[in-house]
Amino acid sequence: MPVKALSAPAITDDERAQLVTDLMALRKPQICNFLVRSRLAKTGSKEVMRTRIEEALNDNDLSPTQIVQFLDEVVPWGKQHVLLFKGPKGSIADWKSIEWLADHLKQHRLMKYLNATLPLALPEKMKISSIRQDRSRLRIMAVKRRDWWERASEYDDTSVTREGEDVMRRAFVHRINRSLVAFEWDLTANTAMLQISELPTGTKYEQVAHEFFELIKKWFNINLFQLLELSPAIKRLHELEEAKTGEVRSHGIDYRTLEGRRFTGQSASSGDSLLGEAETDA
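Just so you know, the working numbering puts 74 at position 70 of the sequence shown, and the rest follows in order with no gaps.
What follows is the structure, given as structure tokens:
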């Protein structure tokens, strides 16, 4: 079923600039894909591409809505945190019916989102941007602005007072993030996943998941789903790899605890296992 676009809320100049920044943060092949879709030349460096996009926006040859829709499409499949679920044990036949779902959403004044997309730029509160269903899959997406101050030592400065005392100015950069959350339910396999786009360090993904489920709880009961714990399976995969009997080969890992501690590792090349060396110092 085709997805229709809803009328876009007004987008400020600051939001428009941030959308361009988010677009240019993507990998170059993705930016080229966007340029081709927008009927703009895909040649040149990222700086040249950015100038071309900004000029197209100023000339109304490109709209902020086009950038929003592209970001909504590609960002959830980039760096992300994923939670997996088993579906409800009872019948889910109603959710496969577009007629039943339309009536259900209408009761909650959400019908306008069904198989439609609302091009949201940077809403202060988390808001639904789309609800899509095609009888085999249900996908709910929400958007929220997140901003924080990030330590940037390269901008630190020192000086002295009139009395000759040392002064240290510690710098922080104001970062803005367009946070995307998407819940996708496979209505055939009766399994689901929650995708949360990469968040700033220190932000707990569990809190974002809770925020999303609070947003939709009046019409969608997540308590009917069972969260799958993957850490034992992941641990077993690494144990098999260390024993050189693994079915997969890892090239990099990135673990973060609930308290924010982080451990990352990367192999020497795409052909080498991360755990290929005899010893790895902690």
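Backbone N, C-alpha and C fix where the C-beta goes; we use that ideal spot for every residue, glycine too.
Predicted, not measured: the structure shown is a model, and the values here were computed from it.
With contacts defined as CB atoms closer than 8 Å, residue 188 and residue 197 qualify as a contacting pair.
The beta-carbon separation of residue 223 and residue 114, rounded to 7 Å, stays under the 8 Å limit for a contact. Taking all protein chains in view, the Cβ of residue 203 is crowded by 16 or more other Cβ atoms within 10 Å, so the residue is classified as buried. For residue 81, the number of other beta carbons within 10 angstroms of its own is below 16, and it is reported as exposed. Taking 8 Å as the cut-off, the Cβ atoms of residue 46 and residue 40 count as close. For residue 22, no pairing in a beta bridge is given by DSSP. Residue pairing by DSSP puts residue 189 in a beta bridge opposite 142, 196.
Shown here, residue 16 sits in coil according to DSSP, grouped into three states, outside any helix or strand.
Straight-line measurement puts the Cα of residue 13 at about 33 Å from the Cα of residue 229.
Straight-line spacing of the CA atoms in residue 132 and residue 27 works out to 21 Å. Remark: C-beta atoms of residue 143 and residue 176 do not approach each other more closely than 8 Å. Here the alpha carbon of residue 108 sits roughly 21 Å from the alpha carbon of residue 195. Among the bridge pairs identified by DSSP, residue 88 is matched with 197. When C-alpha distances from residue 117 are compared across 70, 55, 134, 192, the shortest belongs to 134.
A Cβ-Cβ distance of about 20 Å is found for the pair residue 34 and residue 86, leaving them out of contact under the 8 Å criterion.
Take residue 161, set aside five residues on each side of it, and the residues of its chain with a beta-carbon closer than 6 Å to its own are 173, in chain order.
Look at residue 51 here: in three-state DSSP terms it is helix.
Rounded to the nearest whole angstrom, the C-alpha separation of residue 137 and residue 19 is 29 Å. Within the segment 77-131, the complete beta strand (DSSP E) runs of at least 3 residues fall at 84-90. By the 16-neighbour rule on beta-carbons within 10 angstroms, residue 164 is exposed. Residue range 32-41 is occupied by the alpha helix (DSSP H) that includes residue 41. With fewer than 16 other CB atoms across the displayed protein chains lying within 10 angstroms of its CB, residue 111 is exposed. Less than 8 Å separates the beta-carbon of residue 140 from that of residue 191. Looking at the backbone, the Cα of residue 119 and that of residue 59 are separated by about 32 Å.
Distance check between residue 62 and each of 24, 76, 121 places 24 closest, using alpha-carbon atoms only. Sequence-distant Cβ neighbours of residue 226 in its own chain, meaning closer than 6 Å and more than five residues away, are 217. Close CB contacts of residue 94 within its chain, under the 6 Å cut and outside five residues either way in sequence, are absent.
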